[in-house]
Every structure is written in C-alpha cells, then in structure tokens.
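Protein chains: 2
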Amino acid sequence: PVTGCTISPKTIPAKNRCDGTYEQTRAKEIAQTLGPKGNSKVDFILDLHSTSANMGFTIILVNNDPFNLQLAAYLSSLDPLVRVYSSIEPGKENTFLRSLSNFGCCIEVGPIAPASLKGAIFQKTEALIHATLDYIEDYNNGKLLSNTYPLTIYHYLKVVDYPRNEAGELEGMIHPQLQGRDYQELNPGDPMFLTFDGTTIYYEEEATVWPVFINEVAYYEKGVAMCLTKKEIVRE
Amino acid sequence: PVTGCTISPKTIPAKNRCDGTYEQTRAKEIAQTLGPKGNSKVDFILDLHSTSANMGFTIILVNNDPFNLQLAAYLSSLDPLVRVYSSIEPGKENTFLRSLSNFGCCIEVGPIAPASLKGAIFQKTEALIHATLDYIEDYNNGKLLSNTYPLTIYHYLKVVDYPRNEAGELEGMIHPQLQGRDYQELNPGDPMFLTFDGTTIYYEEEATVWPVFINEVAYYEKGVAMCLTKKEIVRE
C-alpha cells in the first residue's frame, strides 16, 4: 500500500524568519522524518505551498510516474480551476521536498499574500487533500479507478525576469493586461511588462506560451517575473 | 502657498528588512528632511502605503483641517473606489509620517501582496498623486475650487482580532463571506470568522459597521483582523 505522512505547519518565530535558521532546522527535521532521499520511509508526500500569483489550485508533478499522472488527471477533473504543472527538467536534480518520495505532488494555491490565510482557498485546499487521500485509499483497496483522461499538463519552458537596469534594480512591472492571467495564452505581440517610464514591453517570441507564477512576490529576488510553459494534452 | 516634498522610495537591503535598522534610519532621515513635528519645513505630506486588504484607494485623513477634507472630497468624487477613512482618535497622538505637517494625507492602496507591484494599482495611484498636485496648484493660484461635497467618511471605531487560543496562536481566519468586503456593511448576525474546526463566528454587536483593513497581512502580529468603522456623510 501507499503510505503517507503529514507534517504540521509550525509558527515561524519572528527572529528566525529572515536568517534562514528556521528553514534549515525544519529541512533537517523533515529529512529525518521522511528521508533519506531515494530510500524514503513513506511512499507519498503531499507538499502544500501558497503563492501571490493567480494560480488557482495547481498540482505540481514530482515526476512522470503513471500513479502521479493518474492522480493529477483525477484531481484536475474535479474542477477547471485545478491545473497540472510540470517543472520537471530532464537531467536536473529535483531539490523540492516532494522529491523525497516517488509518489506525491505539490499543491500550489493562490492568490494569497505570503503569511496570510484566505478562507475559500483554505477550504478548497482541504477538499483537494481529502480527495487525494480517498484516491490513495481506493488504490490501496484495489478499487478500479475511473479513467479521467485527457489530462492537460503545462510544461516548464523557461523563466522571464522583470526589466532591470545595469545595477539589477527593477525598472518595470507586469503589464496590467497580463496581471492575474496565469494559464492563459500569451501570444506574440501581447503586452508583457510596463516600465516605470510608461513603455510597454511586448512578448516577441514566435510561439504561444502559457505563463504561470506571474508576479509571485518571493520570486522578485530570484529574477523571476513569471515562468513560461507550453501546454500538452495527454490522452492516456 | 502650500509647499510639498517628495521622498523617493529606496530599495531596502535584505539584511536590514527584519531587524528594524532600515526603518529606524529612514525615519530619522525623513524627520531631518521634513521635520520637526509642529514646525515642519513643508506644508503638505503625501504618504503612500500599500495593503493586502481589498481597500481600493483610501485617503486616510491626518486631521480635520478643512483643506484636507476638501481635498479628500475632491479625490473621492473622481472615482467610487476612492474612499476616505479617518483613523483620528481624539486625545491620542498621531505618530504617522503624515502627522509631521498639518496638510496632507495618506493614500493606502490594495489589494497587493507586500513588496510587490501591480500595474493597474500603480497607474491609478500615480493619477491620484497628479490630481492632488493639480489641486494644490489651483489652490495656490487662488482658483475657486468646485464644491464636491457630500463627502463620505469612514470613522475608526475599534479593532477586532482573529480567534486565538490561550497561547495567542491563531484558531481561525476571516470568514469567506467577509473576505475582500472592505467598506461594505457588516450587520448583526453576519459571518465574521471561520475557525479551523469549521465553526462560524458571527458579528454579534447591535450596530451596523463598515470593516476596513480586512485580513491585512502585516496586522496578524498586531492582533488586528480588521478595523471597524462607522459611516458618516458630511454635507458641507
């Protein structure tokens, strides 16, 4: 059977929020509880994240294992606001918590300001967790799971940074016409950024893309204004 | 004439974001540029803030000087999303930047996640700043300013904290039906909070109130889930 483990959220002491101490300590605790990588004590990890981007409810794939794909297809069949994003980059090690085990996924929810709660998003996230646990229980009980394909997957292509000057300082922001339009088509010639002097910067590549993580506040310092994806429809 | 001063935003060095050093240093610099309180070098201060609450564009009054009230009435006549909030508490010293001079106000804009920018809100804030500067210029040139009364003012009544346990830890969140409903009526019997065990907490006082700063992320640690106000319509 697929075994899982829940990790309770903890309040981060104010003094540790910035120096990285908390995150380091917590990472070691989690590794001890769930690890080691490649030989994990649990089969399935559900990793919960929030974002200030308008991501709705995004299932982020750990890997392309059929169990995970079928689960993602099932969860995304429940609601059009549940979408599936694959940030898997071939040949690149996955360093996220969810990579400790082979089964599992991340649920990324937004828009929410960091360190706050929104009731409706909280309730919907809870419902997705329950749906996931029910799915695993059915699987462990050998129940035939209904086919919920086709599955739409948004595949990571690359990141795009904000316009910046030579010193790396911000010179613009997401264009008002793109703000909040995660998972919607961005076509050649569409507005992408608005600089502080009022100039519009357009998307100039040849292929249509589907941006996600648009204006995620934690990514300003990582040089990421959005992630571009391409859309794939998996029929089985 | 009314004289003003602009203060350029500065990037906060990462190492100073949490220890308070930056804010203290900056407060001293600003006090030196604009102060001292009660004998300020400038007549008018426009203080810009952002919030994660759904506040739209809120003019926060410094005091009840007729110049400020007329300016607020003018700005709120431009757009129904521009509202006027008075946090003045009789007998209590105002410690905000905007209190350094007698004329001026704060413009509080949202919803935006802290430390991020939203193009549409940025542009609208710029337009409000320009409208304010034009208003001051007209005043200084002795132009007759049109009467834009009645003016609706939301007066601070009190703050309400989130449900918490005896250790002060959060036990619930803003009720989904109240989230984002800043400046809308909260009537006796309306849902206010949803606890983590699924219990709804209702507003149980007798008077209708108009909550603002609902779910402002920086106020969790201040024990403020929202500020209740009462609505006043000033006819002159």
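Chains as they are written, first to last, in the working numbering: chain A, 1 to 236; chain B, 1001 to 1236.
C-beta atoms are modelled at their ideal positions from N, C-alpha and C, and glycine is treated no differently.
No experiment lies behind these values; they were computed from the predicted model shown.
DSSP on residue i, reduced to helix/strand/coil?
| i | result |
| --- | --- |
| Thr51 (chain A) | coil |
| Glu1029 (chain B) | helix |
| Val1217 (chain B) | helix |
| Leu46 (chain A) | strand |
| Thr208 (chain A) | coil |
| Glu236 (chain A) | coil |
| Ile107 (chain A) | strand |
| Lys1230 (chain B) | strand |
| Gly1119 (chain B) | helix |
| Ile1059 (chain B) | strand |
| Ala225 (chain A) | coil |
| Ala1113 (chain B) | coil |
| Lys124 (chain A) | helix |
What in chain B is Cβ-close to residue i, meaning under 8 Å?
| i | result |
| --- | --- |
| Pro114 (chain A) | Ala1113, Pro1114, Val1217 |
| Gln70 (chain A) | Going along chain B, no residue has its Cβ under 8 Å from Gln70 (chain A), so there is no contact; the nearest lies around 30 Å. |
Could you tell me which chain A residues have their CB closer than 8 Å to the CB of residue i, listed as they occur along the chain?
| i | result |
| --- | --- |
| Gln1249 (chain B) | This structure gives no information on residue 1249 (chain B), because the portion of chain B shown stretches from 1001 to 1236. |
What does residue i touch in chain A if you count any residue whose Cβ is under 9 Å from its own?
| i | result |
| --- | --- |
| His1175 (chain B) | Gly119 |
Spell out whether any CB of chain C is found under 8 Å from the CB atom of residue i.
| i | result |
| --- | --- |
| Ile1121 (chain B) | Judged by its chain identifiers, the structure shown contains no chain C, and its protein chains are A and B. |
What ranges does the beta strand (DSSP E) occupy inside the region 1061 to 1100 of chain B, keeping only unbroken runs of at least 3 residues that lie completely in it? Note on the region 1061 to 1100 of chain B: whole beta strand (DSSP E) runs with a minimum of 3 residues are 1082 to 1086, in chain order.
Below 8 Å, how does it come out for the region 179 to 198 of chain A and the region 1026 to 1035 of chain B: are there three or more Cβ pairs, yes or no? Contact between the region 179 to 198 of chain A and the region 1026 to 1035 of chain B is absent, because fewer than three Cβ pairs lie under 8 Å.
At a Cβ cut of 8 Å, what residues of the region 1184 to 1212 of chain B count as close to chain A, listed as they run along the chain? Answer in chain order: Leu1194.
Within the region 132 to 206 of chain A, ranges of the alpha helix (DSSP H) (whole runs, at least 4 residues): Listed in chain order, nothing qualifies, since the region 132 to 206 of chain A has no complete alpha helix (DSSP H) run of 4 or more residues.
Between the region 78 to 86 of chain A and the region 1152 to 1159 of chain B, do at least 3 Cβ pairs fall closer than 8 Å? Segments in contact, no.
In chain order, what residues of the region 1045 to 1057 of chain B put their CB closer than 8 Å to some CB of chain A? Taking 8 Å as the Cβ-Cβ cut-off against chain A, the residues of the region 1045 to 1057 of chain B that qualify are Ser1052.
Select from the region 1219 to 1230 of chain B all residues with a C-beta closer than 8 Å to any C-beta belonging to chain A, and list them in chain order. Flagged, chain order: Tyr1220, Glu1221.
Using a Cβ cut-off of 8 Å, which residues of the region 1022 to 1035 of chain B contact any Cβ in chain A, in chain order? Answer set for the region 1022 to 1035 of chain B: empty.
Three CB pairs or more closer than 8 Å across the region 1212 to 1219 of chain B and the region 1172 to 1188 of chain B: Taking 8 Å as the limit for Cβ pairs, the verdict is that the region 1172 to 1188 of chain B does touch the region 1212 to 1219 of chain B.
Counting beta carbon pairs with one atom in the region 1099 to 1113 of chain B and one in the region 1059 to 1070 of chain B, are three or more of them shorter than 8 Å? The answer is yes - the region 1099 to 1113 of chain B touches the region 1059 to 1070 of chain B, with three or more Cβ pairs under 8 Å.
Can at least three beta-carbon pairs, one atom from the region 1120 to 1127 of chain B and one from the region 218 to 225 of chain A, be found at a separation below 8 Å? Not touching, per the Cβ criterion.
Kindly confirm or deny that the region 1193 to 1204 of chain B and the region 1162 to 1175 of chain B touch, where touching means at least three C-beta pairs closer than 8 Å. Flag = yes, the region 1193 to 1204 of chain B and the region 1162 to 1175 of chain B touch.
With three or more C-beta pairs closer than 8 Å as the rule, is the region 1123 to 1139 of chain B touching the region 1041 to 1048 of chain B? When Cβ pairs closer than 8 Å are counted between the two stretches, the region 1041 to 1048 of chain B is seen to touch the region 1123 to 1139 of chain B, the count reaching three or more.
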